[in-house]
Amino acid sequence: MNDDKKAAIVVLLLIILTIAAYPFTSLTDDKQEIYGIQSYSFFQEGKIYPLITAIFTHLDERHIFGNTVFLFVFGITLATFIGWKKFLVVYFIGGTVGNLAWVIYPVIDEGAASVTAVGASGAVFAAIAALAMAKPKNAADIAEKSEILKFFSYVPWLGLIYTLIMGEGILGFLGIIF
28 MNDDKKAAIV
38 VLLLIILTIA
48 AYPFTSLTDD
58 KQEIYGIQSY
68 SFFQEGKIYP
78 LITAIFTHLD
88 ERHIFGNTVF
98 LFVFGITLAT
108 FIGWKKFLVV
118 YFIGGTVGNL
128 AWVIYPVIDE
138 GAASVTAVGA
148 SGAVFAAIAA
158 LAMAKPKNAA
168 DIAEKSEILK
178 FFSYVPWLGL
188 IYTLIMGEGI
198 LGFLGIIF
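As numbered in this note's numbering, the sequence shown has no gaps in its residue numbers, which increase by one up to the final residue, 205.
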């Protein structure tokens with residue numbers, strides 16, 4: 028099997044794993060608190076496994092849909108370009124950095140100490156940022172030509188508005204700084 032196929036398979040396996048984990052990690056608030064990341068439990072209880080499990084825990088179907096679509100669209104291109112092993116490093120370090128940003132956020136906003144953050148947004152945005160840095164023309168071409176992404180252009184601000192109104196943690200997106 029050539030490396031391009033391996034790269035695509037790894038990204039598809041991440042998507043399948045994320046979707047398969049959803050019923051076990053996300054359908055109740057209790058599960059989100061167990062597998063999501065909270066500043067309080069991280070520091071007070073020493074719970075470090077959510078740095079990874081939060082990547083596979085999602086708020087709802089809309090949330091998981093958005094993350095998996097962007098992972099599919101940009102992830103396969105990045106994994107093909109840099110190799111599947113390096114892609115996994117970018118993905119998991121990006122997700123972990125985003126989750127660590129959420130853990131330290133209560134230094135700025137004490138009220139966030141017990142709020143649970145979930146999702147793969149930090150990991151996905153790290154992959155998008157890595158692709159944009161490694162192959163800026165490819166990233167721009169994908170964003171411009173992708174039929175799937177054109178759908179999102181019809182509602183550019185709805186996700187942000189929803190996030191702000193519902194109080195979802197947007198610091199997970201800081202995985203992009205990796």
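Where is the CB? At the ideal position from N, CA and C, for every residue including glycine.
- Spatial neighbours of N126 in its own chain (CB-CB distance under 6 Å, excluding positions within 5 residues in sequence) are listed in chain order as I64, L78, A81.
- If you ignore the 5 residues before and after T107, its C-beta comes within less than 6 Å of the C-beta of D31, A34, all in its own chain and listed in chain order.
- With a 10 Å radius around the Cβ and a threshold of 16 neighbouring Cβ atoms, I75 comes out exposed.
- Only residues of its own chain outside the window of five on either side were considered, and among them Q59, E60, G63, Q65 have a CB closer than 6 Å to the CB of T143, listed in chain order.
- Our two residues, F83 and W111, have alpha carbons roughly 19 Å apart in a direct line.
- Here A144 carries a strand assignment [DSSP, helix/strand/coil].
- Burial state of I155 is buried, judged by a 10 Å Cβ sphere holding 16 or more other Cβ atoms.
- Look at I64 here: in three-state DSSP terms it is strand.
- Of the candidates Y118, V38, V130, the residue whose Cα lies closest to the Cα of F70 is V130.
- Under the DSSP assignment, D31 falls in the alpha helix (DSSP H) whose first and last residues are 30–52.
- Note that the C-beta distance between A153 and N94 is not below 7 Å.
- The beta carbons of I46 and I91 sit about 7 Å from each other, so the pair counts as a contact at 8 Å.
- The DSSP-derived three-state label of T84 is coil.
- Look at I131 here: in three-state DSSP terms it is helix.
- A buried status is given to G102, since no fewer than 16 other beta-carbon atoms sit within 10 Å of its beta-carbon.
- Across the structure, T123 and V117 are spaced so that their CA atoms are roughly 10 Å apart.
- For F108, the enclosing alpha helix (DSSP H) has its first and last residue at 103–109.
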